[in-house]
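Colleague: Residues 9 to 255 (the working numbering) are what the sequence shown spells out, left to right. The beta carbon of each residue, even a glycine, is placed where N, CA and C say it ideally should be.
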Amino acid sequence: MTIDLPSELITELRKAKRIAALTGAGISAESKIPTFRDAMTGLWASFSPEELATPEAFARNPGMVWDWYAFRREMCAKAIPNPGHVALAELEKRVEHFTLTTQNVDGLHQRAGSLRVFELHGSIARVKCVDTGRLLDGEIPECDEPPPRHPETGGLLRPDVVWFGEALPVEALMESAQAARNADVFFTVGTSALVYPAAGLPIEAVRAGATVVEINPLETPFTELATFSLRGKSGEILPAIVAALDV
Ligand code: OAD
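1. On a CA-only basis, which of LEU144, ARG124, ASN90 and GLY34 is nearest GLY162? Give me that one, please.
2. So, do the region 85-103 and the region 121-140 have three or more beta carbon pairs nearer to each other than 8 Å?
3. Quick check on this structure: which residue in GLY240, ALA187 and GLY141 has the alpha carbon closest to the alpha carbon of PHE106?
4. Please find out if some non-hydrogen atom of ligand 1 comes closer than 7 Å to the beta-carbon of ILE18.
5. Can you round the beta-carbon distance between GLY173 and PRO63 to whole angstroms, since I take them to be within the 8 Å contact cut?
6. Any idea if CYS137 is buried or exposed, counting beta-carbon neighbours within 10 angstroms, 16 or more meaning buried?
7. Within the present structure, is the beta-carbon of LEU226 separated from the nearest heavy atom of ligand 1 by less than 7 Å?
8. Start and end of the beta strand (DSSP E) containing HIS93?
9. Please look up how many angstroms separate the CB atoms of PRO57 and GLY50, rounded, as I've assumed it's under 8 Å.
10. On the three-pair Cβ rule with 8 Å, is the region 70-90 touching the region 227-238?
11. Assuming ALA252 and ILE18 make a contact with CB atoms under 8 Å, what is their CB distance in whole Å?
12. If we call anything under 8 Å between Cβ atoms a contact, is PHE66 one with VAL73?
13. What is the DSSP secondary structure of LYS40, reduced to helix, strand or coil?
14. Which of the three DSSP states is assigned to ASP75 in this structure?
15. Which complete beta strand (DSSP E) runs does the region 202-247 hold, if anything under 3 residues is left out?
16. Kindly indicate which residue of GLU150, ALA175, PRO89 and CYS151 has the alpha-carbon position closest to the one of GLY130.
17. Please name the residue, chosen from VAL214, PHE194, ILE211 and LEU13, that lies closest to ALA29 on a Cα-to-Cα basis.
18. Compare the beta carbon distance of ARG142 and GLU160 with 8 Å and say whether it is the shorter of the two.
19. Hey, is ASP46 close to ligand 1, as in C-beta under 7 Å from one of its heavy atoms?
20. Could you pull the DSSP bridge partners for GLU59 from this structure?
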């Protein structure tokens, strides 16, 4: 399959000294991790965010929330990075400054070899004490009635992800915003561009004069602002971009 890429984009990328990217659930779709908002298969099509992804939900029903994240933790651990993740790791090697910001909690960018990754919504692989925020070091303890407790603090363990109504990690957000403002080229990949503040990053990049490239099979609210909107799967388009840089 050949993918038509705008030659102006490849020229811009060859010149770029600073590239930044924002990724969302779509980049991991080809690794068989469901997205959130797909009408049929999305996680939010069968589960309500209010019942699973808020501090109030955990306070009401910690066992149910723990089990849902435990199921997803296992799915993410078994998933394999796809050519889209690998292409972003490859791009990082080819440019002076590369910043990757992800809304994903699956760790697949790091497993594909990306080095400078800011996880805006945390990581599903980590768990922490719900009372003190202290991270668990080591294996999750077995217990009869989940969630297990933190062995040092005694508090219930919860996933180290950002729930609705919670603040994002400050350093990750500040570094990402700065990268968006300084980027020559900014990629927004596999995100519905609906959840802020992440969705504000490509807008900052546009305002600062970057070439902004959207990669998504569908239109999003950001599409009309994008310099280039490439319709298709990130696992096909991103490798094609990297290959085009070699020609
Ligand atoms: P969404 O599920 O909202 O959007 C996924 C996007 O990926 C959609 O625009 C799809 O069209 C696109 N997509 C699907 N397959 C793709 C593929 N193969 N290649 C490229 N794009 C593809 O996921 P996010 O935008 O990541 O937050 O959602 C943002 C946040 O909302 C998540 O981090 C999560 C969720 O609620 C929290 O849990 C805090």
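Modeller: A quick look at the data gives this:
1. Among LEU144, ARG124, ASN90 and GLY34, the Cα nearest to that of GLY162 belongs to LEU144.
2. yes
3. ALA187
4. In this structure, ILE18 has its beta carbon at no less than 7 Å from each heavy atom of ligand 1.
5. 6 Å
6. buried
7. yes
8. Unbroken run through HIS93 is the alpha helix (DSSP H), 91-102; no beta strand (DSSP E).
9. Wrong, their Cβ atoms sit about 11 Å apart, outside the cutoff.
10. no
11. 5 Å
12. Taking 8 Å as the Cβ cut-off, PHE66 and VAL73 qualify as a contacting pair.
13. coil
14. helix
15. Positions of the beta strand (DSSP E) runs, each at least 3 residues long and wholly inside the region 202-247, are given as 219-223 and 236-238 in order along the chain.
16. ALA175
17. Closest option to ALA29, Cα to Cα, is PHE194.
18. yes
19. yes
20. According to DSSP, which records beta bridges pairwise, GLU59 is partnered with nothing at all.
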